[in-house]
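See below for the structure under consideration.
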Ligand SMILES: Cc1ncc(COP(=O)(O)O)c(C=O)c1O
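Residue numbers (our numbering): 272 to 659.
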């Protein structure tokens with residue numbers, strides 16, 4: 272089945288482009304255009320009553336759709352913000368920074384976390400241990416050993432690493448073994464996993480924070496990220512806005528700031544919900560058309576296999592199977608990462624490919640090719656590489 276019919280707008284605006292940067296910025300399905308208009312229409316129609324409608328109907332609908340996707344029982348534990356940085360900063364302010372906060376993470380976390388934690392470490396009494404993700408084969412064992420040795424307060428780890436596409440082989444088992452080794456709060460950056468790799472959080476619900484958003488595989492565009500918050504935590508994030516006071520409030524000492532009892536405990540303040548409308552439109556489309564993440568994953572895997580076979584035929588000096596960061600595996604993320612001979616060589620090849628309408632992206636000496644459901648096998652045309 273071709274899924275292209277759902278992406279006519281973006282495909283028509285980019286004729287002849289081979290878009291391999293979808294792991295960064297996915298094309299948006301046509302239903303998202305209607306969603307933007309629906310937001311405008313709701314704003315015009317409801318004016319002052321808009322917030323009741325959005326917070327009372329739209330937000331719960333999206334919480335439920337995300338909960339269905341991640342197999343969660345309690346959708347109210349999901350809170351929204353414009354980006355994951357805002358959400359994880361709220362989480363960081365739930366800890367005391369001056370009493371020797373210990374953080375266990377990896378050397379492959381996205382900048383929203385890695386830059387922030389590095390900067391905080393300059394000011395405060397924060398110890399950060401970064402476990403190398405390579406060699407990938409024994410990463411889980413080394414990570415758990417580090418957890419046992421450090422006894423961290425916070426563990427922050429990606430489901431799929433942004434700089435390799437490598438997925439933690441079994442997220443549930445990693446969380447379980449880390450939780451046996453230490454008493455830390457565990458937070459998972461799920462951005463490259465959400466709606467790419469089928470993810471069942473049912474046995475982790477109530478035990479982890481999980482962050483993801485709409486810009487990548489969820490295809491709603493920028494501006495709608497979410498965090499799953501475990502129930503019954505006693506956190507009082509310092510970075511808090513008035514949305515965090517919605518609904519039933521937790522008991523607090525008299526005069527102390529109170530927090531929502533659900534995920535809104537970690538909320539901020541007024542935001543533009545257009546992106547949430549777009550995300551809802553995509554999730555509704557998937558539901559109506561019965562498109563599952565498992566199906567998308569399978570489609571992408573076959574594209575990846577075909578891409579590698581095409582590369583075999585081209586026999587480029589370094590853009591080949593041998594330079595793949597990890598041999599393609601079943602639970603690999605939706606982009607393939609090749610290590611080039613140098614950052615300059617990688618940048619030069621990416622620019623050369625762009626002149627042939629082949630859009631990729633790169634990080635240092637790593638060139639990334641992403642695949643999406645709006646690609647078909649016939650779209651993969653790599654002849655230009657013969658001249659590179
Ligand atoms: C693993 C990961 N997390 C988070 C993000 C997005 O971060 P933010 O929403 O803070 O811009 C990205 C973006 O590329 C990412 O790759």
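For every residue, glycine included, the Cβ atom is placed at its ideal position computed from N, Cα and C. Computed from a predicted structure; not experimentally measured.
### Task
Leaving out five residues on either side along the sequence, give the residues of the same chain with a beta carbon under 6 Å from the beta carbon of residue 648.
The residue given as residue 648 occupies position 377 in the chain shown. Cβ neighbours of residue 648 within its own chain (closer than 6 Å, five residues either side excluded): 577.
### Message
On the DSSP letters alone, give me the boundaries of the beta strand (DSSP E) that residue 555 sits inside.
### Response
The residue labelled residue 555 in the question sits at position 284 within the chain shown. Per DSSP, residue 555 belongs to no beta strand (DSSP E); it is in the alpha helix (DSSP H), 545-560.
### Task
Assuming residue 544 and residue 361 form a contact by the criterion Cβ under 8 Å, report the distance between their Cβ atoms to the nearest whole angstrom.
Here residue 544 is taken as the residue at index 273 of the chain shown, counted from 1. Here residue 361 is taken as the residue at index 90 of the chain shown, counted from 1. Contact doesn't hold; Cβ gap of about 18 Å is too wide.
### Task
Helix, strand or coil for residue 357, going by three-state DSSP, please let me know.
Against the chain shown, residue 357 aligns to sequence position 86. In the three-state DSSP reduction, residue 357 falls in the helix class (H, G or I).
#### Entry: Among 382, 575, 340, 562, the one whose alpha carbon lies nearest that of residue 602
Residue 602 sits at position 331 when you count from the first residue of the chain shown. Measuring from the Cα of residue 602, the nearest candidate turns out to be 575.
### Task
Take every Cβ of the stretch 454-461, pair it with every Cβ of the stretch 415-433, and state whether three or more of those distances are shorter than 8 Å.
Below 8 Å, enough C-beta pairs join the stretch 454-461 and the stretch 415-433 to call them touching: three or more.
### Query
For residue 366, which residues from the same chain have a beta carbon less than 7 Å from its beta carbon, with the 5 sequence-adjacent residues on both sides left out?
Residue numbering aside, residue 366 sits at position 95 when the chain shown is read from its first letter. Result list for residue 366: 372, 424, 425, in chain order.
#### Entry: Spatial distance of residue 294 from residue 655 (CA atoms)
Translated into positions along the chain shown, residue 294 becomes position 23. Translated into positions along the chain shown, residue 655 becomes position 384. Taken atom to atom, the span from the alpha-carbon of residue 294 to that of residue 655 is near 22 Å.
### Query
What do you get for residue 528, buried or exposed, if any count of 16 or more other CB atoms within 10 angstroms of its CB means buried?
Within the chain shown, numbered from 1, the residue matching residue 528 stands at position 257. Around the Cβ of residue 528, a 10 Å sphere holds fewer than 16 other Cβ atoms; the residue is exposed.
#### Entry: Closest by C-alpha distance to residue 486, when choosing among 354, 430, 438
On the chain shown, residue 486 is found 215 positions in, with the first residue counted as 1. In terms of CA proximity to residue 486, 354 leads the group 354, 430, 438.
### Query
What's the C-alpha gap between residue 325 and residue 395?
As a position in the chain shown, residue 325 is number 54, starting the count at 1. As a position in the chain shown, residue 395 is number 124, starting the count at 1. Each residue's alpha carbon lies about 39 Å from the other.
### Message
Just to confirm before moving on: does the CB-CB distance between residue 628 and residue 289 stay below 8 Å?
### Response
Against the chain shown, residue 628 aligns to sequence position 357. Against the chain shown, residue 289 aligns to sequence position 18. Taking 8 Å as the Cβ cut-off, residue 628 and residue 289 qualify as a contacting pair.
### Query
How is residue 536 classed by DSSP in three states: helix, strand or coil?
Position 265 of the chain shown, counting from 1, holds the residue named residue 536. In the three-state scheme derived from DSSP, where H, G and I count as helix and E and B as strand, residue 536 is classed as helix.
### Task
Report the rounded CA-to-CA distance for residue 403 versus residue 435, giving the unit in angstroms.
For the purposes of this step, residue 403 is identified with residue 132 of the chain shown, where counting begins at 1. For the purposes of this step, residue 435 is identified with residue 164 of the chain shown, where counting begins at 1. So the alpha carbons of these two residues sit roughly 12 Å apart.
### With 16 other Cβ atoms within 10 Å as the buried cut-off, status of residue 341
Position 70 of the chain shown, counted from the first residue, corresponds to residue 341. With 16 or more other Cβ atoms within 10 Å, it is buried.
### Task
Using DSSP bridges, identify the partner residues of residue 457.
Counted from its first residue, the chain shown places residue 457 at position 186. Residue 457 is bridged to 426, 479.
### Whole-angstrom distance between residue 469 and residue 552, CA atom to CA atom
Here the question's residue 552 lines up with position 281 in the chain shown. Here the question's residue 469 lines up with position 198 in the chain shown. Whole-angstrom Cα-Cα distance: 20 Å.
### Query
Helix or strand or just coil, what does DSSP make of residue 484?
Locating residue 484 in the chain shown gives position 213, where the first residue counts as 1. Correct three-state label for residue 484: strand.
### Task
Enumerate in chain order the residues of its own chain whose CB-to-CB distance from residue 310 is below 6 Å, with the five nearest sequence positions on each side excluded.
Stepping through the chain shown from its first residue, residue 310 is reached at position 39. Correct list, in chain order: 545, 548.
### Query
Taking just the CA atoms, how far does residue 505 sit from residue 606?
For the purposes of this step, residue 606 is identified with residue 335 of the chain shown, where counting begins at 1. For the purposes of this step, residue 505 is identified with residue 234 of the chain shown, where counting begins at 1. Their backbone Cα atoms lie some 38 Å apart in a straight line.
#### Entry: Bridge partners - residue 633, DSSP secondary structure assignment
Position 362 of the chain shown, counting from 1, holds the residue named residue 633. According to DSSP, residue 633 bridges with 638.
### Residue burial classification, residue 272 (beta-carbon count within 10 angstroms, cutoff 16)
Taking the chain shown and counting its residues from 1, the one referred to as residue 272 is at position 1. By the 10 Å Cβ count, residue 272 comes out exposed.
#### Entry: Inter-residue CB distance, residue 495 and residue 483 (contact presumed, cutoff 8 Å)
In the chain shown, residue 495 corresponds to position 224, counting from 1. In the chain shown, residue 483 corresponds to position 212, counting from 1. The distance from the Cβ of residue 495 to that of residue 483 is about 10 Å, inconsistent with a contact at the 8 Å cut-off.
### Query
Closest to residue 331 by CA distance: which of 535, 306, 561 is it?
Position 60 of the chain shown, counted from the first residue, corresponds to residue 331. For the residues 535, 306, 561, the minimum Cα distance to residue 331 belongs to 535.
### Task
Could you please give me the residues that DSSP links to residue 401 through a beta bridge?
Residue 401 sits at position 130 when you count from the first residue of the chain shown. Note: residue 401 sits in a beta bridge opposite 376.
#### Entry: Proximity test, residue 484 beta-carbon vs ligand 1 heavy atom, cut-off 7 Å
On the chain shown, residue 484 is found 213 positions in, with the first residue counted as 1. Answer for residue 484: yes, Cβ within range of ligand 1.
### Query
Span of the alpha helix (DSSP H) holding residue 302?
Stepping through the chain shown from its first residue, residue 302 is reached at position 31. The continuous alpha helix (DSSP H) containing residue 302 extends over residues 302-317.
### Task
Flag residue 291 as yes when its Cβ comes closer than 7 Å to any non-hydrogen atom of ligand 1, and as no otherwise.
Mapped onto the chain shown, residue 291 falls at position 20. Relative to ligand 1, even the nearest heavy atom lies 7 Å or more away from the CB of residue 291.
### Task
Report whether the distance from the Cβ of residue 462 to the nearest heavy atom of ligand 1 is below 7 Å.
Counting from one through the chain shown, the residue named residue 462 turns up at place 191. Checking every heavy atom of ligand 1 against the Cβ of residue 462, one is found closer than 7 Å.
### Task
Less than 8 Å between the CB atoms is what I'm expecting for residue 349 and residue 499, so what's the real figure, rounded?
Your numbering for residue 349 matches position 78 in the chain shown. Your numbering for residue 499 matches position 228 in the chain shown. Correct: roughly 6 Å between the Cβ atoms.
### Message
Counting C-beta neighbours from all protein chains within 10 Å, is the total for residue 612 16 or more, i.e. buried, or is it exposed?
### Response
Numbered from its first residue, the chain shown carries residue 612 at position 341. That one is exposed.
#### Entry: Neighbourhood of residue 232 by C-beta distance below 6 Å, restricted to the same chain and skipping five residues each side
Nothing can be reported for residue 232: it is not among the residues displayed for the chain, which extend from 272 to 659.
### Query
Taking Cβ positions, are residue 381 and residue 465 nearer each other than 8 Å?
On the chain shown, position 110 is the one that residue 381 refers to. On the chain shown, position 194 is the one that residue 465 refers to. Contact: no.
#### Entry: DSSP bridge partner residues for residue 431 (one or two, in chain order)
Residue numbering aside, residue 431 sits at position 160 when the chain shown is read from its first letter. As a beta-bridge residue in DSSP terms, residue 431 pairs with 438.
### Whole-angstrom C-beta distance between residue 518 and residue 531, which should lie under 8 Å
One-based indexing of the chain shown puts residue 531 at position 260. One-based indexing of the chain shown puts residue 518 at position 247. With a Cβ gap of about 5 Å, residue 531 and residue 518 count as contacting.
#### Entry: Residues bridged to residue 290 (per DSSP)
By 1-based counting over the chain shown, the position of residue 290 is 19. In the DSSP secondary-structure assignment, residue 290 is bridged to 630.
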